[in-house]
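Residue numbers are given in our numbering: position 364 of the sequence shown equals residue 364, and the series is strictly consecutive. Some notes on the structure that comes next.
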Amino acid sequence: MCKMTGPGGRNSKIRNLTARRCLELLHSSNFMKMKLKLLCTAFLLFAIHLSADISNLAGTWSGTARRPSPPAIFCITADLQVNDPQFGGTFDATNCVGTNENHCELQGQLSGDQINLMFLNCSLSACRTTGTVNSSFNQMSFSTSCSDGSFTMSLNKNIAMQDVSTFSGISNRSVQTSGVQWIDYNNDGRQDLYLVGHNGNVLFKNVGMGKFVDVTAETHSGNNGKDATGASWADIDNDGDLDVFIANKTGGPTLLLNNKGVFQDITKNMNPSMAQSAAVGVMRGGVWVDINNDKKSDLFVIFDGAKNQLFLQTGNLDFHTNIAASAGVDYNGHARSAVAADFNGDGFQDLYIVNYGQPNRLYKNNGNQTFTDVTQSAGVGFSGKSVGVAAADYDNDQDLDLYVVNSDGPPALFRNLGHFKFINSTPQVLKTASKGTAAAFVDLDNDGDQDLIVTQVGAQNLLYENLGKGRFRLATGVDLTRPVSPSGVAIGDFNNDGIPDVVIGNADTGGENGDSLYKNVGGGQNSHLILKLKGTKSRRDAIGAQIVIQTGLKFQSRTILSGDGQSQQSLPQEFGLGRYPKVDRIQIKWPSGTLQEIFDVDANKTLNIIEP
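Below, the structure is given as structure tokens:
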């Protein structure tokens, strides 16, 4: 007989099989692929009593085995169903009984993390040992010895982050960061970092090998002492270089044109009303949006305590024409963040604005340079102390959902049902949801489902692991602890290894609590695909393009966005493929309306795709 006791004292019965069948399974090629569910126990002339009572990994495992004659062979495969394991603590185990030519194996799934327990060269008598489980970046191991053998346990974690802030060189600055952006400003294929803040902006060039150097002065990408609140990047002149709009509390906005890695200040091309409104309220950020699909980047600017503004680019990089009033988006509120995206699939970018202490607003783009307020009918008003927003297709149903960050109360996760209908799925999906300062969706483990990072002031930053089918769980044991006063968060793959990395800005000044860069050191066992898009009939930066990929029966979608007003994700789109060796189909809907399809693409590649 064999019995396992799981968390909370719940018992799981093991279905007994014959010894012959168990050995057949053990040596079968399909055995390792079986869905792990307390499948088998087999024995020859002996009995083993095994129990497990663990609410986390710091609990104990214990077991006893009585050696029969001749020596025994046995196997157990189990799903322990442990929720939110804490990595670290004491591991108590009893080894198996068998000959030196045999081994016993316990393998299974621990809340989505693979666990493999292997006893090797066990002694012929029972042996009880205790050791400490120590964590490393991508696995945990425990080893000790029996009288004439040894055993090792290793836990491979799918999500693991390593703080490389000091090593990379980005944390050595005494400023208060308000926004972080991943961009390739010099087109060398490496993602660089632009950090904007209250004491100055810094452009960090990615020089490879995990290192960044400050090139602000030589590239003229600073902000002339202005108090920045956020930035948004786009190729506004379609020359192949990313340009940047910087929102400032004081001194008016800044517009920098990128000419092969050196920036030119063209703020004079902007309407003076922005600076005037900033004198009344606070300029919180801007997002680039082509509202009429004419291949010109327009600019939506949000204010806290003044009317929002929408500038139509009339040609030759001129941003003097404010059409916010005629377009119906000149709401005077307390805007903190915004996103421009096509929420209903009609080919035009809509606008969603979150407001502090006032209802949030969703504006439908009518396609004729006007917008309709659909907030109430869409169900996304959510009047709270909203400070941030993240948009992504978290449930893989090929439309954009919304996560609204609340600084003093619960957030809101809005699932897009289509046709401008949303449902607040927070109570069902994020049962442990908490207040925060910023958020970003990212597939950290490359399993094909986008996870969610939420930053918090005075508390540990949170990671919600997407378990698929629109379900999340609060992940533990993942290092995202710094900084203690986070501002923005952005996602980019700075070492081009196919697994996304994370940068979190620090709202305090320097020291140990500087900006934090986390290298992703988990998820590498899963496949990936990186897509870099270049528009021809659409804007060259491809902002607004919608991508859908298919692997088997699974679909994923991404939309290339220009940020949330404060921070911005990298423009290359990374897809986690899980164990799939290829992508069956890629479909791209360009802002021009062009539909492009590519078939049978091998995994673990970077594709440069040009709009036909």
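Every residue, glycine too, gets a C-beta built ideally from N, C-alpha and C. As the structure is a computational prediction, the values presented were derived from the model and not from experiment.
- Message: Classify Gly544: buried if its beta carbon has 16 or more other beta carbons within 10 angstroms, exposed otherwise.
- Response: Against the sequence shown, residue 544 aligns to sequence position 544. The residue is buried, with at least 16 neighbouring Cβ atoms inside 10 Å.
- The beta strand (DSSP E) with Phe441 in it runs from where to where? Walking along the sequence shown from the start, residue 441 turns up at place 441. 438-442 is the extent of the beta strand (DSSP E) around Phe441.
- Item | Close Cβ partners of Lys296 (< 6 Å) along its chain, the five nearest in sequence each way excluded | On the sequence shown, position 296 is the one that residue 296 refers to. Same-chain partners within the cutoff: Gln313.
- Task: Report yes if the CB atom of Ala490 is closer than 8 Å to the CB atom of Ala440, and no otherwise.
- Result: For the purposes of this step, residue 490 is taken as the residue at position 490 of the sequence shown. For the purposes of this step, residue 440 is taken as the residue at position 440 of the sequence shown. Yes, Cβ-Cβ distance for Ala490 and Ala440 is below 8 Å.
- Assess, as a yes-or-no matter, whether the region 393-405 is touched by the region 432-452 under the definition of 3 or more beta carbon pairs within less than 8 Å. yes
- Message: Rounded to the nearest angstrom, what separates Asp235 and Met274 at their Cα positions?
- Response: For the purposes of this step, residue 235 is identified with residue 235 of the sequence shown, where counting begins at 1. For the purposes of this step, residue 274 is identified with residue 274 of the sequence shown, where counting begins at 1. Answer to the nearest angstrom: the Cα atoms are 21 Å apart.
- Are the CB atoms of Asn446 and Gly576 nearer to each other than 8 Å? Within the sequence shown, numbered from 1, the residue matching residue 446 stands at position 446. Within the sequence shown, numbered from 1, the residue matching residue 576 stands at position 576. Contact flag set, yes.
- Message: On a Cα-Cα basis, can you pick out the residue from Gln276, Ile323, Met283, Gly210 that is closest to Asp304?
- Response: Position 304 of the sequence shown holds residue 304. Closest by alpha carbon: Met283.
- Item | Rounded straight-line distance, which links the Cα of Ser337 to that of Gln525 | Here residue 525 refers to the residue found at position 525 when the sequence shown is read from its first residue. Here residue 337 refers to the residue found at position 337 when the sequence shown is read from its first residue. For Gln525 and Ser337, the distance between alpha carbons rounds to 36 Å.
- So Val693 packs on Ser383, CB below 8 Å; how close in whole Å? The displayed coordinates of the chain run from 1 to 612. Any statement about residue 693 would go beyond what the structure contains.
- Message: Rounded to the nearest angstrom, what separates Asp241 and Lys431 at their Cα positions?
- Response: Residue numbering aside, residue 241 sits at position 241 when the sequence shown is read from its first letter. Residue numbering aside, residue 431 sits at position 431 when the sequence shown is read from its first letter. Between Asp241 and Lys431, the C-alpha separation is close to 43 Å.
- List the endpoints of the continuous beta strand (DSSP E) containing Met161. The residue given as residue 161 occupies position 161 in the sequence shown. Per DSSP, Met161 belongs to the beta strand (DSSP E) from 161-163.
- Message: Starting from Glu611, trace the alpha helix (DSSP H) in both directions and tell me its first and last residue.
- Response: Against the sequence shown, residue 611 aligns to sequence position 611. Note, Glu611: premise wrong, no alpha helix (DSSP H); not H, not E.
- Can you tell me the Cα-Cα spacing of Leu531 and Val280, whole angstroms? Reading the sequence shown from its first residue, position 531 is the one you call residue 531. Reading the sequence shown from its first residue, position 280 is the one you call residue 280. Cα-Cα distance, rounded: 42 Å.
- Task: Kindly say whether Val215, judged by its beta-carbon, lies nearer than 8 Å to any beta-carbon of chain B.
- Result: Although the question refers to chain B, the structure presented lacks it and comprises just one protein chain.
- C-alpha distance - Val503 paired with Val478, whole-angstrom precision: Sequence index remark: in the sequence shown, residue 503 carries index 503 (1-based). Sequence index remark: in the sequence shown, residue 478 carries index 478 (1-based). Taking the straight line joining both Cα atoms gives about 15 Å.
- Task: Drop a sphere of 10 angstroms on the beta-carbon of Leu595, count the other beta-carbons inside from all chains shown, and report buried for 16 or more, exposed for fewer.
- Result: Looking up residue 595 in the sequence shown gives position 595. Exposed, by the Cβ-count rule.
- Message: Which of the three DSSP states is assigned to Thr372 in this structure?
- Response: Residue numbering aside, residue 372 sits at position 372 when the sequence shown is read from its first letter. In this structure, Thr372 counts as strand in the three-state DSSP scheme.
- Item | Counterpart residues of Arg361 in DSSP-defined beta bridges | Residue mapping note: residue 361 aligns to position 361 of the sequence shown, counting from 1. Note: Arg361 sits in a beta bridge opposite Ile353.
- Message: For Ile302, count the other beta carbons within 10 Å of its own beta carbon; 16 or more makes it buried, fewer makes it exposed. Which is it?
- Response: For the purposes of this step, residue 302 is identified with residue 302 of the sequence shown, where counting begins at 1. By the neighbour-count rule (16 or more Cβ atoms within 10 Å), Ile302 is buried.
- Task: Note down, in chain order, each residue of its chain lying with its Cβ closer than 8 Å to the Cβ of Leu317, except the 5 sequence neighbours on either side.
- Result: Taking the first residue of the sequence shown as 1, we reach residue 317 at position 317. For Leu317, where only same-chain residues beyond five positions count, the Cβ hits under 8 Å are Ile236, Asp237, Leu257, Ile266, Asn269.
- Determine the DSSP secondary structure at Met209, reduced to helix, strand or coil. Taking the first residue of the sequence shown as 1, we reach residue 209 at position 209. Met209 falls in the coil class under three-state DSSP.
- Task: Return helix, strand or coil for Lys435, following the three-state DSSP convention.
- Result: Taking the sequence shown and counting its residues from 1, the one referred to as residue 435 is at position 435. Here Lys435 sits in coil by DSSP.
- Query: Once you ignore the five residues that flank Leu474 on each side, which residues in its own chain have a CB closer than 7 Å to its CB?
  - Reply: Taking the sequence shown and counting its residues from 1, the one referred to as residue 474 is at position 474. Asp84, Thr432, Leu462, Tyr464, listed in sequence order.
- Query: Considering only C-alpha positions, which residue in the set Asp239, Thr375, Lys421 is nearest to Leu618?
  - Reply: Because the chain spans 1 through 612 in this model, residue 618 falls outside it and cannot be assessed.
- CB contact flag (Pro359, Thr437, <8 Å): The residue given as residue 359 occupies position 359 in the sequence shown. The residue given as residue 437 occupies position 437 in the sequence shown. The answer is no: Cβ separation not under 8 Å.
- Task: Taking only runs that begin and end inside the region 533-568, name each unbroken alpha helix (DSSP H) of 4 or more residues, in chain order.
- Result: none
- Task: Please state whether DSSP places Tyr269 in a helix, a strand or coil.
- Result: To locate residue 269, count along the sequence shown from 1; it is residue 269. According to the sequence shown, residue 269 is Asn rather than Tyr. Here Asn269 sits in helix by DSSP.
- Drop a sphere of 10 angstroms on the beta-carbon of Asp188, count the other beta-carbons inside from all chains shown, and report buried for 16 or more, exposed for fewer. As a working mapping, residue 188 is identified with position 188 in the sequence shown. Classification of Asp188: exposed, given that the 10 Å Cβ count is below 16.
- Task: Reducing DSSP to helix, strand and coil, say where Val454 ends up.
- Result: As a first step, residue 454 must be located in the sequence shown, where it is residue number 454. It is a strand residue.
- Message: Just to check my reading of the structure: Phe348 and Gly367 have Cβ atoms closer than 8 Å, yes? What is that Cβ distance to the nearest angstrom?
- Response: Locating residue 348 in the sequence shown gives position 348, where the first residue counts as 1. Locating residue 367 in the sequence shown gives position 367, where the first residue counts as 1. Confirmed, about 5 Å.
- Task: Output the distance between the C-alpha atoms of Leu444 and Val202, rounded to the nearest integer angstrom.
- Result: Against the sequence shown, residue 444 aligns to sequence position 444. Against the sequence shown, residue 202 aligns to sequence position 202. If I take the Cα positions, the gap works out to 26 Å.
- Message: Is the beta carbon of Thr559 closer than 8 Å to that of Leu299?
- Response: One-based indexing of the sequence shown puts residue 299 at position 299. One-based indexing of the sequence shown puts residue 559 at position 559. Not closer than 8 Å, so no.
- Is it the case that the Cβ atoms of Val213 and Phe204 are separated by a distance below 8 Å? If you number the sequence shown from 1, residue 213 lands on position 213. If you number the sequence shown from 1, residue 204 lands on position 204. Contact: yes.
- Query: Using CA coordinates, which residue listed in Ile323, Gly492, Leu193 is at the minimum distance from Thr216?
  - Reply: To locate residue 216, count along the sequence shown from 1; it is residue 216. Answer by Cα proximity: Leu193.
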